[in-house]
Structure formats: structure tokens, C-alpha cells
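Here the structure comes first, spelled out in C-alpha cells, and everything after it is commentary.
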Amino acid sequence: MALPELKQSATEARLATMELPTGGCLKAARQAALSRVQTMGLPTRRDEYWKYTRPETLVSAEANTAAVFDHDEAPMFDGQDRLKIVFVDGVFDAEASDELALEGVQIDRIEDICCKDIHWAKDVYGVLEARGQSPVERPLAALNTAFAADGVAIHVTGTPSKPINLIYIHAEEQSDAILHHVIRVEPGAEATILENGPAASRFNKCVEIDVADTGKLHLVRAQGRDHERRAATHLFARLGAESVFKSFTLTVNGVLTRNEAVIELTGDDAIAHIAGACVGDGEFHHDDTVFITHDAVNCESRQVFKKVLRNGATGVFQGKILVKDGAQKTDGYQISQSLMLDEDSQFLAKPELEIYADDVACSHGSTSGAIDENALFYLRARGVPKELATDLLTLSFLAEAVEEIESAEIAEDINARLEGWLARRR
Amino acid sequence: MLEIKNLHVQLEEEDKQILKGVDLKVEAGKVHAIMGPNGSGKSTLSYVLSGKGGYEVTEGSASLAGDDLLDMEPEERAAAGLFLAFQYPVEIPGVGNMTFLRTAVNAQRKARGEDELSAADFLKVVRAKAKTLKIDADMLKRPVNVGFSGGEKKRNEILQMAMLEPKMCILDETDSGLDVDAMKLVSEGVNALRDAGRGFLVITHYQRLLDHIKPDVVHIMANGRIIKTGGPELALEVEQNGYADILAEVA
Ligand SMILES: Nc1ncnc2c1ncn2[C@@H]1O[C@H](COP(=O)(O)OP(=O)(O)O)[C@@H](O)[C@H]1O
Ligand SMILES: [Mg+2]
């Protein structure tokens, strides 16, 4: 079927500026992804899935500019003992990175997947993304699979002693970064991956995660503070039996962020938690789009998304739990909430449940509200100044999401950044 | 200590007058009690004094140790030494009780130009005071008042009062919802704070509390006014005969 005119021309304009990375065994995967993009077309504002977020600037041939924030001023995860992998405007920086060696994990750049013949990575690259294209199309992810020239393949075979920190530095005012990572966690293995930084003025990132039976993966990311940056990210995860996947995302600032997560629980007794806390002031549009599929027995999924909005900021949440026929004993929970610090902001939420099994417990809720005046007065009556009391209540609103982070030290880093953000806005 | 003159208060949102000329003076070192039928304006008085929004003072004044209270923000009133033990303590999910207490104590110290208490010093003091009120470590860790029983909430109010060491304490129906043992604990907590430099205003329906916290002066409030003032015997009279006689007397 021919694409609508607007979609066709936008897609052609974007593709005209791009070149497929050459060579190697990923060529077929990239070409298949390119055909997916051509068939689906890039998103336009007419698409139902993009009803609340305008995709034009994420799709345009030329990337937006964004003033560069001094990342040394507020380093993230600095106190953590970690293995650093640095990308500058989407390009791996060997100088700034640690040696890619850590017991219990094998880390390679995706360009080496072929010459090193890393089989598992070939079985993941573009594969989970392609699975995630149905029932809803995610053309920006296919675009990423086709054109990403950099990224890492992380193979977790044991329990590394420290987290792996992917650091995304934004250096040029106008930069258009596309990164693609693949991660495989073997049975019984467990790792923590940290991500931070804006990456570029425009960032398209895709991560495919394959967690084998009884594997565990923790993912904590802090999306950069640069005000004008734009980002579209995709996370595709497939979980085996008794595996655990936990993800938390902090977003402060950024004019436009669309974070999609597609999680498939394919083995019995698997657990998937995905959480997000975002704080936005003024020109800020933040969209969490989540799709969780239960396709096995006795799995648990939990979505906790909290947004603090002020000065005309917009928060979007589209979250779906799909329980397939036979996925009995599913325990699904979804909450999306916004805290409005003034009357100018908006929160758009579309929570969905689709259930084809009869023995399941699923709940979802979405609320939007202001600071609790009674709680505020109670704190003030005890001598806590209004601004500090408001901050405390704001942090307490976000707490349910931040509490999804397993490591107390990492949660502290996240809270410190939130406190800083609030303090600067008094 | 606390001086209220001809205080008139109405609701901000609707044209409804609640306090219709309240005069009251609580001296340092004294305990005053206010009794009165439901809806007479007792809680409103305590809220207006502590600075809750939604009320408009149309006439009159209120001062604490000579400083105009009505001009101050709620947190300034607290730092100046005013404390209200709430009739309905507020639950604050996500804020730990200990964090709450430490933030409050240090905010007041800071406002008064004093050094903040170190975490270790604070912990020591809080533990000692919590113990006398039978507040266990778990209650200190939990979010403020969340999942607390009625009695636990009231004991938590008294703990806050003990930590903040205010000059003027207003207790709004702190006895409601307390069993006999809890009443004793709370009263002992209050009595331990009785001091020549501190004033108390105890709002209650029952003589029972006043058996434990002996008042110097008892006021009866009805329909937005103090209609009668007397000694401790006035509370006994209310206990025996209710408010009907007193109301009839002044009508
Ligand atoms: N915020 C409010 N909105 C509406 N009515 C109020 C409000 N606050 C107090 N009132 C009314 O004012 C009167 C006095 O209430 P209150 O001060 O709570 O009395 P008391 O504590 O003596 O029982 C009651 O009639 C009550 O309904
Ligand atoms: Mg009352």
C-alpha cells in the first residue's frame, strides 16, 4: 500500500541525507531495517501513536541545534566505581573510555560484531526491534537499526563487580547521533548498566536486550540536562523464565524526549519493572510510551511513571499491558501520575489493558494533581519554609519511581540531581 | 505570651463569619483550656493563629511575645515559637518521619540564626524523646503519619512539640481518639514541657484530659466567641451539666 503523501515525502527527505554503514555481517539486518522504514514510513503527526507528541523535529532531514551544557559542572554517577564507555556526539571515544575489560562481561563495539564473529549479537541486532514492530509500528527504531554506525555489544556472562556506564557527551551545537546497543545476559548472570548524558543535539538511540532464563539486568539512565536537545529512544527487551529486568529513567530538561519501551515476558516467572521520573519546566515535552506483553505464566510487570511539570511543560504517557492467551497468573501494575506545579502545564495519559487470559491481576491508574495544600501547611507549620516544603513534597511524589532503583547509592545520585533541579528553580 | 484581641475571621471563599470577636491572653507559664460545642470555632482559631490559608481576618489582632502573628508566614510563626498540635495530623507519603523532624528542627534553628544539629546529635535527642512517648524506631522510619493509628498520630504530634521546644503550644483535641494509656503518655509529654517560659492553649471536649494537664484558666467558646472564663472548676461544671446551662446563662 502506498504511503500517504506527507509521510512519503518526509521519509524520502530524511533517507536522502543518510547512508547505510558499510560492510560486514550486519548488512542484511540493516537492509531489512531500511525496507521496514520504507514500508512503514517515518512518523507524522497524523499517526495515532504520535497523537500527543509531534515527531517532525525527530524526523526532519536536518537536526535541530542545542546549546551545549558544561557536563563537568554536574557530573553524574561520579562517585560510583564503574567502567566508563564514552561516546561524543554519538561516536565512541576510546581515549575518554576505560579499557573495555571487566570480569564477567564481554564488551565490543558493534562494528566488531562481524570481524569477531559474535554470534549472539547477530541474533539480537535488529531482531528484537523487528519483533517490536507489531502490533504498533516504531519506524524511528527501524531507522536506527539501519543507520547506527556505533554502539556496543555487551555480553554478560557472570556478575561484573561494577556497573558499566555508557556516557553520552554532547559536544557540537548541531549533532545528529544514532547509537545502537545490544545486550545479552546469560543464565544466572547479573549486571547493572548506567547511562547518562544528552549525547547530541538530536539523539536516536536503540537498545535491544535479551535476558536469558534466570538472568538479571538493571538499567539506570539519566538523560542529559541540555535544554534544547531532542531525543527519541527505544528499548526492546525479551525476558526468559525467572529473569529480572529493571529499568529507571530520569529526565531533567530537554525540549523533546520520546522514550519507548517494548518488553516481552516470554518465560514463566519473569519480572519486569520499568520506571521513570521526569521534571520539566517551560519548553519541555516528555513522552513515555510503553508496551509490555505477557506471554508466559506467573510473570510480574510494573510500570511507574511520575512527571513534575511547570511553566507550560507537557507530559505524555502511553502505556499498555497486553496479556496473551495462556499468560495466567499475570501480575500487572501500571501507574502514571503528574504533579502540576502551576496551572499552565498539561499531562496527557493513555493507559491501556488488553487481556486474553482469565486468571490475572492487572491494575492501572493515572492521576494528575497539584501539591497537597494540607501537607504543605503541615510542613510549614513545623517551620519548614514554603520552597523547601514544596521540594520535599515533590521529591516524595517522585519517590515511588526512584524507589524502583535497586542500588541505594545510585538512587542517591538520582535524588541529588532532582534536588539540584528543584533548588535552581526556587 | 499569646495575646488575641477582638479577632474576627471569615472564610475567604464564602461570606461566612466564624470568629466573631475573640479576646484571649495566655501568659507564659500558664495553661489555658478552651472548651465548647462542636462547630464553635476552636479549630478555626488554632488554624488562623498558625497561618493556614482560606481564612480572612477582618478585624482584631494576635501577637506572640509582642510580635504580630498575623503578618507572618506559617513557617515564621513556627520559628517564632508557635506550635499547633493538629486535631487531624496530616499524612505525608514519601517523606520519612525522621527526615521530616530533622528538616523542621533545622529549618527553625536556621531561621533563628542557630547552627543546625548534626545528624548524630539529632538522632540521640530524637531517640530519647521518642522513647518516653513509646514511639518505636519503626514509627520514626515510616512516612509521616502514614498508617499510624489515631493514638500514634497524636503521640507523634507531641514528639514534634518536644523536639521543637516552642514557646506557645496549642493542642487541638489532642485527647480525641486516645485510650487511657495513650492519654497518660500524651499528658506526661505535655507536662514535661511545662515551664515558666512556655504557654499552653489546650482545646478539648473532656475534663478527662484536664485531670492530667491541670489548667490555670478555662474558657468556654460558643458561636465564635469566648462566652465564659473561669478556673478549673468551670471544666468540671461542663463535664457534669454540658454546655446548655452556660449557653442559657449568657443568652
Ligand atoms: N474551610 C472551611 N469551609 C467551610 N466551613 C468551615 C471551614 N472551616 C470552618 N468552617 C465552619 O466553621 C465553623 C467552626 O468550625 P471549627 O473551627 O472546626 O469548630 P470546632 O473546632 O470548634 O468544632 C463550623 O461551622 C465549620 O463548619
Ligand atoms: Mg475542632
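Note that the protein sequences, when read in sequence, are chains A and B. Counting from 1, one number per residue, gives the positions in the first sequence under my numbering. Counting from 1, one number per residue, gives the positions in the second sequence under my numbering. All C-beta atoms in this analysis are idealised placements derived from N, C-alpha and C, irrespective of residue type, glycine included.
Item: Beta carbon of GLU13(B): closer than 8 Å to some heavy atom of ligand 1?; Value: yes
Item: Closer than 8 Å to a non-hydrogen atom of ligand 3 - does that hold for the CB of GLN87(B)?; Value: Ligand 3 is absent from the structure shown, which contains only ligand 1 and ligand 2.
Item: Could you tell me if the beta carbon of SER50(B) falls within a distance shorter than 8 Å of some heavy atom in ligand 2?; Value: no
Item: Taking the DSSP output, what are the residues bridged to THR233(A)?; Value: LYS205(A) and ASN259(A)
Item: Run the proximity test for LYS154(B): is its beta-carbon closer than 8 Å to any non-hydrogen atom belonging to ligand 2?; Value: no
Item: Confirm, please, whether the CB-CB distance from VAL105(A) to PRO160(A) is below 9 Å.; Value: yes
Item: Which residue spans inside the stretch 8-79 of chain B form an unbroken alpha helix (DSSP H) run of at least 4?; Value: 42-50 and 74-79
Item: Could you work out which residue in PRO21(A), THR157(A), PHE236(A) and LEU398(A) is closest to VAL279(A) when comparing CA atoms only?; Value: LEU398(A)
Item: Helix, strand or coil for THR367(A), going by three-state DSSP, please let me know.; Value: strand
Item: Measure how close the beta-carbons of LEU435(A) and TYR168(A) come, nearest whole angstrom, since I'm counting them as under 8 Å.; Value: Because residue 435(A) is not part of the residues shown, which for chain A are 1 to 426, the question remains open.
Item: If you follow the alpha helix (DSSP H) that ARG382(A) is in, where does it begin and where does it stop?; Value: Taken as a continuous stretch (DSSP letters only), ARG382(A) belongs to no alpha helix (DSSP H), as it is neither H nor E.
Item: Give the residues of chain A in contact with LEU11(B), contact being defined as C-beta atoms less than 9 Å apart.; Value: Near LEU11(B) there are no residues of chain A at all, since even the closest Cβ is about 15 Å away, more than 9 Å.
Item: Check whether the Cβ atoms of LEU166(A) and ILE410(A) lie closer than 9 Å to each other.; Value: no
Item: Just the C-alpha distance for GLY240(A) and LEU322(A), rounded to the nearest angstrom, thanks.; Value: 17 Å
Item: Would you mind reading off the limits of the alpha helix (DSSP H) that contains ALA275(A)?; Value: No alpha helix (DSSP H) contains ALA275(A), which is instead part of the beta strand (DSSP E) from 271-281.
Item: Under 9 Å, Cβ to Cβ, is there at least one residue of chain B near LEU6(A)?; Value: no
Item: Name the two residues that bound the continuous beta strand (DSSP E) containing MET168(B).; Value: 168-172
Item: Say yes only if the C-beta of SER247(A) is nearer than 8 Å to one or more non-hydrogen atoms of ligand 1, and no if none qualify.; Value: no
Item: Quick one, are the C-beta atoms of LYS162(A) and GLN80(A) less than 9 Å apart?; Value: yes
Item: Name, in chain order, the residues that DSSP records as bridge partners for GLU248(A).; Value: It is worth fixing the name first, because residue 248(A) is Phe in this sequence and not Glu. Answer by DSSP bridge pairing, in chain order: VAL220(A) and ALA275(A).
Item: What residues in its chain sit with their C-beta under 7 Å from that of VAL95(B), if we drop five residues either side in the sequence?; Value: PRO143 and VAL144
Item: Just to confirm, does ILE170(B) get its C-beta within under 8 Å of one of the non-hydrogen atoms of ligand 1?; Value: no
Item: Closer than 7 Å by C-beta to GLY312(A): which residues in its own chain qualify, once you throw out the five before and the five after it? Chain order, please.; Value: GLY282, ASP344 and SER345
Item: Can you give me the C-alpha to C-alpha distance between GLU73(A) and ASP89(A), rounded to a whole angstrom?; Value: 18 Å
Item: Quick one: what does DSSP say GLU172(A) is sitting in, helix, strand or coil?; Value: coil
Item: Could you tell me which uninterrupted alpha helix (DSSP H) segments, each at least 4 residues in length, are contained entirely in the stretch 151-209 of chain B, listed from first to last along the chain?; Value: 180-193
Item: Looking at the unbroken alpha helix (DSSP H) that takes in ARG127(B), where does it start and where does it end?; Value: 119-132
Item: Taking just the CA atoms, how far does LYS20(B) sit from LYS205(B)?; Value: According to the sequence displayed, residue 205(B) carries His and not Lys. So the two alpha carbons sit approximately 21 Å from each other.
Item: Using a C-beta cutoff of 9 Å, does GLY94(B) count as contacting chain A?; Value: yes
Item: Applying the criterion that 16 or more other CB atoms from any shown protein chain within 10 Å of the CB defines a buried residue, is LEU49(B) buried or exposed?; Value: buried
Item: Determine, using beta carbons only, whether ALA28(B) and GLU75(B) come nearer to each other than 9 Å.; Value: no
Item: Would you please verify whether the beta carbon of ASN374(A) is less than 9 Å from any beta carbon of chain B?; Value: yes
Item: Are there 16 or more other CB atoms within 10 angstroms of the CB of CYS115(A), so buried, or fewer, so exposed?; Value: exposed
Item: If you check the beta carbons only, do ALA237(A) and LEU58(A) fall under 9 Å apart?; Value: no
Item: What first and last residue would you give for the alpha helix (DSSP H) that runs through ASN241(B)?; Value: 233-241
Item: Tell me the DSSP bridge mates of THR289(A)?; Value: GLU260(A) and GLN318(A)
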